[in-house]
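Numbered per UniProt numbering, the sequence shown spans residues 1 to 318.
One structure is given below, encoded as structure tokens.
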Amino acid sequence: MKKVLITGALGQIGSELTERLRRDLGNENVIATDIRKPDNNPTVENGQFETLDVQDFAAFLDMAKRYDVDTIIHLAALLSATAEQRPAFAWQLNMGGLMNGLEVARELGEGIKFFAPSSIAAYGPDAEPDTTPQDTVMHPTTMYGVTKVAGELLENYYHDKYGVDTRSVRFPGLISYKVEPGGGTTDYAVDIFYEALRNKSYKSFIAEGTYMDMMYMDDAIDAIVDLMNADSDRLLHRNAFNITAMSFAPEEIAAAIKRRIPEFEMTYDVDPVRQGIAESWPNAIDCQCARDEWDFTPSYDLERMTDEMLMRLEKKFE
Ligand code: AKB
1 MKKVLITGAL
11 GQIGSELTER
21 LRRDLGNENV
31 IATDIRKPDN
41 NPTVENGQFE
51 TLDVQDFAAF
61 LDMAKRYDVD
71 TIIHLAALLS
81 ATAEQRPAFA
91 WQLNMGGLMN
101 GLEVARELGE
111 GIKFFAPSSI
121 AAYGPDAEPD
131 TTPQDTVMHP
141 TTMYGVTKVA
151 GELLENYYHD
161 KYGVDTRSVR
171 FPGLISYKVE
181 PGGGTTDYAV
191 DIFYEALRNK
201 SYKSFIAEGT
211 YMDMMYMDDA
221 IDAIVDLMNA
231 DSDRLLHRNA
241 FNITAMSFAP
251 EEIAAAIKRR
261 IPEFEMTYDV
271 DPVRQGIAES
281 WPNAIDCQCA
291 RDEWDFTPSY
301 DLERMTDEML
311 MRLEKKFE
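Here is the structure:
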């Protein structure tokens, strides 16, 4: 990874990955792109930025060639809840953008590295819910999940057929303080921190007892960088590795916050759409393959992540 083009760079993952890669590779070697223009996002603005609609193949190819990149990190996509509201558009954007990204990588030539995230959403309700294996049945019942499974297969295809060095992870819910996520089912685990500090209360749209995998953003960014730098000979899997750092239900994250903010109270106003999505996903996936094949080791558990989120957001609100 020497010169990287990132799509969806203004999103929750993109902003933090852009900042990290600019530190690792130098400002001029990270081309941040998004369909929107940066609006008060200094991490992305302090360097090369271009507007790019990933559905425009010619513009995508032109940009990758113009900057002579050797790696594409394709993050532009709709998340689960938004995709369920607009399934046809979700298919068009998630699959069209991915296909264009892979075609750009193929045109650039053999050995180009390509990353596009999959998700725990790639599993469906018939997968084992606990310690869900890396390799098992994958029959998602959401449009987002359907695009993730199809995307994993497509990335394998481009690797096997054209030699594109595709790599990916199945991300759990990602928790961060810099840029808020939008349109996801796991977003409650970020919203809760904002509301705990602003109002000392939170109304959860996910029901009590619903377990989902989660991870603090620093671990997610490390995971992308470590996987992209991993020795290809060690990778028995590629698209995509299970990774997770913790699994909790709403009442457990609420309890962790209450231990630090005793006045905090949580109530429930369950959204049937997002609850249905959450129930179709695993409770806790098994990430042993990622540990064995590229030494994945997250460092934030629920307690450390809660301390960090509250401390960082308090500073942000000052
Ligand atoms: C979502 O909730 O849609 C995402 C995901 C788990 O992929 N955070």
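By construction, the Cβ of each residue, glycine as well, lies at the ideal position given by its N, Cα and C atoms.
Look at the alpha carbon of residue i and the alpha carbon of residue j, and state the distance between them as a whole number of angstroms.
i                 : j              : result
phenylalanine 193 : alanine 245    : 18 angstroms
glycine 11        : proline 172    : 16 angstroms
lysine 200        : glutamate 265  : 7 angstroms
proline 125       : asparagine 283 : 10 angstroms
lysine 258        : isoleucine 277 : 27 angstroms
histidine 139     : valine 270     : 25 angstroms
lysine 65         : tyrosine 144   : 30 angstroms
aspartate 130     : arginine 170   : 15 angstroms
glutamate 263     : cysteine 289   : 41 angstroms
alanine 127       : threonine 136  : 7 angstroms
In three-state DSSP terms, what is residue i?
i                 : result
valine 69         : coil
glycine 173       : strand
phenylalanine 205 : coil
asparagine 199    : helix
alanine 76        : coil
valine 4          : strand
aspartate 271     : coil
tyrosine 123      : coil
arginine 234      : helix
Suppose contacts are defined by Cβ-Cβ distances below 9 angstroms. Is residue i in contact with residue j by that definition?
i              : j             : result
lysine 203     : threonine 267 : yes
alanine 220    : threonine 166 : no
glutamate 110  : glycine 163   : yes
leucine 313    : tyrosine 216  : no
leucine 108    : aspartate 70  : yes
isoleucine 285 : isoleucine 73 : no
Quick one: measure Cβ to Cβ for residue i and residue j, integer angstroms, because I've assumed they're closer than 8 angstroms.
i                 : j             : result
lysine 2          : asparagine 29 : 6 angstroms
tryptophan 91     : threonine 147 : 6 angstroms
glutamate 208     : proline 250   : 6 angstroms
phenylalanine 317 : leucine 197   : 6 angstroms
Give a yes or no on contact between the segment 229 to 242 and the segment 140 to 156, applying the rule of three or more CB pairs nearer than 8 angstroms. yes
Assess contact between the segment 86 to 105 and the segment 45 to 52, defined as three or more Cβ pairs (one per stretch) separated by less than 8 angstroms. Is contact present? no
Examine the Cβ distances between the segment 180 to 199 and the segment 68 to 84 and report whether three or more of them are shorter than 8 angstroms. yes
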